[in-house]
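Chains as they are written, first to last, in our numbering: chain A, 11 to 275; chain B, 11 to 275; chain C, 11 to 275; chain D, 11 to 275. Just so it is clear, CB atoms sit at the ideal spot from N, CA and C, and this is done for glycine as well. Source: prediction; values computed, not measured. Here the structure is laid out as structure tokens; the discussion comes afterwards.
Number of protein chains: 4
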Amino acid sequence: MQTLLDLISTARVFDLAQPYYVGMPHHPAHPPFLFGLTKQHGDYIAPNGASSAADALALGSHNGTHIDALCHFSCGGMLHGGIPAREVQSPGGGLRTYSIETVAPILRRAVLLDIAGLEGDAPLAPGYEITPAHLDAAVRAQKVEIRPGDIVLLRTGWAQYWNDAARFLSQVCGPGPGIEGARWLSSRGVFAAGSDTVAFERVPDNNMPVHVHLLVESGIHIIECLNLEELAASRVYAFLFVAAPLKLTGATGSPVRPLAVVSGE
Amino acid sequence: MQTLLDLISTARVFDLAQPYYVGMPHHPAHPPFLFGLTKQHGDYIAPNGASSAADALALGSHNGTHIDALCHFSCGGMLHGGIPAREVQSPGGGLRTYSIETVAPILRRAVLLDIAGLEGDAPLAPGYEITPAHLDAAVRAQKVEIRPGDIVLLRTGWAQYWNDAARFLSQVCGPGPGIEGARWLSSRGVFAAGSDTVAFERVPDNNMPVHVHLLVESGIHIIECLNLEELAASRVYAFLFVAAPLKLTGATGSPVRPLAVVSGE
Amino acid sequence: MQTLLDLISTARVFDLAQPYYVGMPHHPAHPPFLFGLTKQHGDYIAPNGASSAADALALGSHNGTHIDALCHFSCGGMLHGGIPAREVQSPGGGLRTYSIETVAPILRRAVLLDIAGLEGDAPLAPGYEITPAHLDAAVRAQKVEIRPGDIVLLRTGWAQYWNDAARFLSQVCGPGPGIEGARWLSSRGVFAAGSDTVAFERVPDNNMPVHVHLLVESGIHIIECLNLEELAASRVYAFLFVAAPLKLTGATGSPVRPLAVVSGE
Amino acid sequence: MQTLLDLISTARVFDLAQPYYVGMPHHPAHPPFLFGLTKQHGDYIAPNGASSAADALALGSHNGTHIDALCHFSCGGMLHGGIPAREVQSPGGGLRTYSIETVAPILRRAVLLDIAGLEGDAPLAPGYEITPAHLDAAVRAQKVEIRPGDIVLLRTGWAQYWNDAARFLSQVCGPGPGIEGARWLSSRGVFAAGSDTVAFERVPDNNMPVHVHLLVESGIHIIECLNLEELAASRVYAFLFVAAPLKLTGATGSPVRPLAVVSGE
Chain A
11 MQTLLDLIST ARVFDLAQPY YVGMPHHPAH PPFLFGLTKQ HGDYIAPNGA SSAADALALG
71 SHNGTHIDAL CHFSCGGMLH GGIPAREVQS PGGGLRTYSI ETVAPILRRA VLLDIAGLEG
131 DAPLAPGYEI TPAHLDAAVR AQKVEIRPGD IVLLRTGWAQ YWNDAARFLS QVCGPGPGIE
191 GARWLSSRGV FAAGSDTVAF ERVPDNNMPV HVHLLVESGI HIIECLNLEE LAASRVYAFL
251 FVAAPLKLTG ATGSPVRPLA VVSGE
Chain B
11 MQTLLDLIST ARVFDLAQPY YVGMPHHPAH PPFLFGLTKQ HGDYIAPNGA SSAADALALG
71 SHNGTHIDAL CHFSCGGMLH GGIPAREVQS PGGGLRTYSI ETVAPILRRA VLLDIAGLEG
131 DAPLAPGYEI TPAHLDAAVR AQKVEIRPGD IVLLRTGWAQ YWNDAARFLS QVCGPGPGIE
191 GARWLSSRGV FAAGSDTVAF ERVPDNNMPV HVHLLVESGI HIIECLNLEE LAASRVYAFL
251 FVAAPLKLTG ATGSPVRPLA VVSGE
Chain C
11 MQTLLDLIST ARVFDLAQPY YVGMPHHPAH PPFLFGLTKQ HGDYIAPNGA SSAADALALG
71 SHNGTHIDAL CHFSCGGMLH GGIPAREVQS PGGGLRTYSI ETVAPILRRA VLLDIAGLEG
131 DAPLAPGYEI TPAHLDAAVR AQKVEIRPGD IVLLRTGWAQ YWNDAARFLS QVCGPGPGIE
191 GARWLSSRGV FAAGSDTVAF ERVPDNNMPV HVHLLVESGI HIIECLNLEE LAASRVYAFL
251 FVAAPLKLTG ATGSPVRPLA VVSGE
Chain D
11 MQTLLDLIST ARVFDLAQPY YVGMPHHPAH PPFLFGLTKQ HGDYIAPNGA SSAADALALG
71 SHNGTHIDAL CHFSCGGMLH GGIPAREVQS PGGGLRTYSI ETVAPILRRA VLLDIAGLEG
131 DAPLAPGYEI TPAHLDAAVR AQKVEIRPGD IVLLRTGWAQ YWNDAARFLS QVCGPGPGIE
191 GARWLSSRGV FAAGSDTVAF ERVPDNNMPV HVHLLVESGI HIIECLNLEE LAASRVYAFL
251 FVAAPLKLTG ATGSPVRPLA VVSGE
């Protein structure tokens with residue numbers, strides 16, 4: 011253990027999460043983030059002068075930087091593994107299979123593929139499709155290897171739009187991989203794929219083929235709304251990825267604050 | 011980095027969080043956890059047969075396993091560092107100082123002091139006060155050292171009551187340290203202190219002296235509602251503690267799913 | 011006053027609202043209804059044996075039986091009255107103009123036009139358009155007059171689907187008036203128009219022309235998700251309509267439990 | 011019906027509700043009111059230029075002007091009518107007996123007793139007890155009669171503090187009737203009793219004897235956080251009271267916007 015603590019104490023830690031605040035972007039199919047104090051300092055004062063403030067929030071489990079549970083999507087009525095979706099869902103209890111509380115804490119190798127970086131570093135255009143050719147080019151340019159069980163993060167540069175909700179959402183018309191890009195990812199046996207946009211895949215496409223291919227057909231998690239800017243600026247392309255989804259029983263996803271950890275030298 | 015990934019790949023990871031579900035315990039001053047699906051599989055079906063389920067939740071930032079921001083408490087109108095609380099709070103925006111989004115991801119050495127284990131392993135009685143003598147005895151019995159910057163977790167055994175909300179809350183009358191126990195902790199320069207109860211400190215005590223001493227006077231975070239059972243059963247007393255509070259702008263706390271990581275052998 | 015109380019004491023009161031519960035239908039653009047107890051009887055017991063239960067809820071202001079504020083829609087960037095929408099909105103405060111708290115309590119004459127009743131009484135088909143010819147025919151068949159300032163309620167029969175959320179929503183493809191029907195209503199100078207569906211107008215139509223015509227161009231409120239079954243079965247076609255929108259500051263709508271009151275004899 | 015509409019068209023309508031907004035007062039045992047836009051005008055624009063804004067909210071059913079269901083309190087484990095509370099409650103479903111959706115729309119005679127008016131019109135002091143003597147004096151001074159089935163509203167003047175949350179709550183130390191005042195009300199066979207404070211009864215008193223006496227022992231609803239200022243200023247002491255609790259299935263209370271209606275002349 012000594013060694014692990016020593017390594018961590020000198021490691022560099024990148025915070026890959028966007029902040030939560032009222033007015034932050036959210037996909038139109040999910041509720042907004044709400045926040046307010048339940049009490050303020052001074053509302054109630056104890057005999058010793060102690061007082062406290064506390065707060066409440068409401069949100070969708072797909073708001074902000076978050077990870078999708080495999081049960082988030084179905085196709086032809088079936089979840090991943092051929093489980094009939096309607097038999098395992100209820101309005102108040104959520105999903106009883108492949109829900110987010112079944113996902114173990116994630117501490118895995120991850121790779122950043124900086125697609126925006128390949129293209130001059132400006133955020134990719136709305137509707138831009140990330141193809142296998144782009145993915146191969148990034149792997150080559152960055153001299154990075156993808157291994158089974160890894161997490162692959164694609165940078166589009168859209169994290170820069172986070173504080174401009176209308177632009178970040180762009181009528182749900184973001185850049186991302188299409189089905190060919192998704193197959194490139196699944197063929198490498200990754201554990202999860204993520205990006206810095208609201209939908210990961212190129213949208214709009216009502217069929218959401220990338221979600222179907224990754225979540226339902228391949229059992230691969232999707233991570234959305236990451237902030238990959240600092241990581242890319244530091245040219246850190248392989249790292250330890252740490253994220254612990256909240257154990258929201260029956261939920262189809264969870265907010266996370268993922269970390270990229272790299273050994274210092 | 012290679013070495014860090016190797017170490018992690020063989021490490022044991024303990025999940026220290028309790029699950030979230032409707033009906034789970036919550037302190038009466040905080041709102042309950044609410045959950046429901048926003049849509050179910052089959053409600054909307056795309057041409058390719060794709061469908062999705064999603065969910066929404068409402069909660070207090072002090073529900074479930076969570077960490078307190080320093081701004082959670084004040085005394086005599088002042089936050090930690092002598093900041094006048096009323097000048098930095100607003101109902102819709104929360105606190106502008108020492109709020110939870112300012113807390114960096116936590117990757118630190120931590121120590122478990124198994125107080126229930128000292129006393130025969132049954133959960134401590136309601137209102138039981140953990141004194142400096144108990145803390146010293148646990149340090150000796152476990153042969154563990156506390157260093158500045160560490161996190162110290164106290165096990166009362168109350169995690170076993172999580173699924174019995176009325177007992178877990180016990181009319182807000184849980185075991186924990188009193189002010190002397192708190193001073194023992196602060197004198198060691200810890201970064202945070204936590205336990206498996208709803209209030210950390212021995213309650214009821216309207217003055218909440220331990221919260222005042224740790225958060226306001228000492229700048230030490232408090233972590234509540236941990237599940238320390240598996241860690242104690244495995245006699246793991248020192249470890250890497252990993253927790254990434256959600257960046258809830260202005261909030262006085264955040265849900266977390268903390269991990270204890272120990273090198274395997 | 012005597013007379014008013016006497017009349018009320020012998021009046022028949024019809025409840026036009028649908029119930030709220032977890033899993034009830036909601037338009038996909040709005041969050042679901044969430045509910046849970048904040049405390050249960052027995053959680054906290056006072057010395058005299060008193061205990062209490064209380065609850066919390068989360069919802070969209072357009073969930074369940076509700077009324078739209080005029081600020082709900084804009085066209086070409088303008089709210090009703092030519093007010094630039096972007097200048098009067100904020101994420102946390104809502105709209106500062108034509109928001110729901112500015113709507114006075116509603117006690118007005120209302121007329122039910124039973125379109126489903128005209129057509130054999132079965133619920134209208136998905137996508138069925140209610141035309142001026144249907145509206146004229148209902149007025150004739152029911153021998154009812156529409157006066158300026160009235161509220162006109164259209165029955166499609168879809169209230170019968172309330173407890174089957176997927177059918178009630180039907181991929182957001184409900185029956186209702188198109189733009190011609192909307193013009194028929196506005197030309198009569200009504201105060202509000204409503205129906206028993208989730209969108210009032212015939213959907214899907216991304217342009218939402220009826221909402222634009224009524225709310226933005228005409229200043230006419232829209233009431234959705236009414237239950238008009240009992241009223242129609244009783245052949246009550248003109249009545250006092252009573253509804254008091256909650257004063258949700260800045261909100262674009264409000265839940266209401268509208269009543270139809272008719273003198274008994 | 012003609013006559014009823016005629017009377018209503020010339021009636022005076024008083025709005026007895028306080029507004030909802032983030033930061034409004036709420037009893038510390040209940041969650042705060044949260045609000046935010048789910049989308050803003052301009053986020054999504056249809057081909058015809060249409061756009062919409064919508065919002066979401068979270069609250070406790072006892073926030074703002076609201077009415078208590080009989081199931082809100084129990085004593086000795088029993089609800090009104092001797093129903094064992096624990097057998098009819100569940101965390102996600104609420105109460106199955108005497109819950110708010112079982113309360114019919116309220117259109118009843120009501121009486122205002124202006125206790126603050128008796129005492130010089132300033133808001134009553136914190137902890138001030140309204141006694142049977144005060145109630146008798148108000149009845150005499152106002153020359154008003156209370157009949158079985160009526161609603162009785164007590165004015166303390168605290169509605170004036172609504173926009174000063176800390177003062178309105180006053181550490182939950184408001185004026186109101188004690189047990190003798192409650193017995194005075196129940197002996198008159200009223201349907202409901204209400205006031206302009208957060209707790210109706212004189213607080214603090216952990217036993218909440220007035221809630222127990224009215225809700226549990228007498229089956230009388232309680233209405234809290236009314237705004238009775240305009241009514242009192244107009245010296246309107248008897249009127250038609252109209253309120254329609256939302257049909258929140260299983261809930262222990264509901265927000266309402268109550269109206270006082272008096273015939274014009």
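Check                                                                                                                    : Outcome
Segment contact flag, the segment 46-60 of chain C with the segment 14-32 of chain D, C-beta cutoff 8 Å, min 3 pairs     : no
Reduced DSSP category for Thr259 (chain B) - H, G, I as helix; E, B as strand; rest coil                                 : coil
Span separating the alpha-carbon of Asp25 (chain D) from that of Asn237 (chain D)                                        : 8 Å
Euclidean distance between Cα positions of Asn173 (chain C) and Ala209 (chain D)                                         : 36 Å
For Phe178 (chain B), three-class secondary structure by DSSP                                                            : helix
Residue-level contact to chain C via CB, Val182 (chain A), 7 Å cutoff                                                    : no
Proximity of Leu250 (chain D) and Leu14 (chain C) at Cβ, strictly below 7 Å                                              : yes
Distance between Tyr54 (chain B) and Asn216 (chain A) (C-alpha atoms, nearest Å)                                         : 10 Å
Minimum Cβ-Cβ distance from Pro158 (chain A) to chain C less than 7 Å                                                    : no
Every unbroken alpha helix (DSSP H) within the segment 95-129 of chain D, with a cutoff of 4 residues, ordered by chain  : 125-128
CB contact below 7 Å: Gly263 (chain D) versus chain B                                                                    : no
Residue span of the beta strand (DSSP E) that contains Gly191 (chain D), given as start and end                          : First-last for Gly191 (chain D): Ile189 to Ser196, but that is the alpha helix (DSSP H), not the beta strand (DSSP E).
Cβ contact (3+ pairs, closer than 8 Å) linking the segment 159-177 of chain B and the segment 189-206 of chain B         : yes
Residue interval of the alpha helix (DSSP H) (run including Ala143 (chain A))                                            : Pro142 to Gln152
Any C-beta of chain C under 7 Å from that of Ala63 (chain A)                                                             : no
Gly103 (chain D) classed as buried or exposed, judged by whether at least 16 other C-beta atoms fall within 10 angstroms : buried
Heavy atom of the ligand FMN within 6 Å of Ile232 (chain D) beta-carbon                                                  : This structure does not include the ligand FMN; it has no bound ligands of any sort.
8 Å contact criterion, which Ala148 (chain B) and Asp124 (chain B) should meet: CB distance rounded                      : 6 Å
Chain B contact for Ala95 (chain D) (CB, 7 Å cutoff)                                                                     : no
Local conformation of His231 (chain C) per DSSP, three classes                                                           : strand
Given Gly263 (chain C) as reference, the closest of D:Gly74, D:Ser62 and D:Gly127 once Cα atoms are compared             : D:Ser62
Where His76 (chain B) falls: helix, strand or coil (DSSP)                                                                : strand
Per-residue DSSP class, three states only, for Ala242 (chain A)                                                          : helix
Simplified DSSP state of Thr20 (chain B), which is helix, strand or coil                                                 : coil
Short Cβ contact (7 Å threshold) for Tyr247 (chain B) with Pro185 (chain B)                                              : no
Under 7 Å between C-beta atoms of Glu190 (chain A) and Pro142 (chain A)                                                  : yes
Paired residues, beta bridge with Glu139 (chain C) - DSSP                                                                : C:Gly186
Min CB distance Val32 (chain C) to chain A below 7 Å                                                                     : yes
Span separating the alpha-carbon of Gly127 (chain B) from that of Ser205 (chain B)                                       : 14 Å
Cβ separation of Ala79 (chain C) and Gly87 (chain C), assumed to be a contact under 8 Å, to the nearest whole Å          : So it is not a contact: roughly 18 Å between Cβ atoms.
Given Arg212 (chain B) as reference, the closest of B:Ile140, B:Leu105 and B:His40 once Cα atoms are compared            : B:Ile140
Cutoff 7 Å: Thr20 (chain A) Cβ touching any chain D Cβ                                                                   : no
Backbone secondary structure at Leu26 (chain B) - three-state DSSP                                                       : coil
Start and end residues, beta strand (DSSP E) containing Ser205 (chain A)                                                 : Ala202 to Ser205
Met11 (chain A) versus Val154 (chain B) - alpha carbon distance                                                          : The predicted position of Met11 (chain A) is uncertain, since its pLDDT is 45 and thus under 50; no value can be drawn from it.
Secondary structure of Leu134 (chain D), DSSP reduced to three states                                                    : coil
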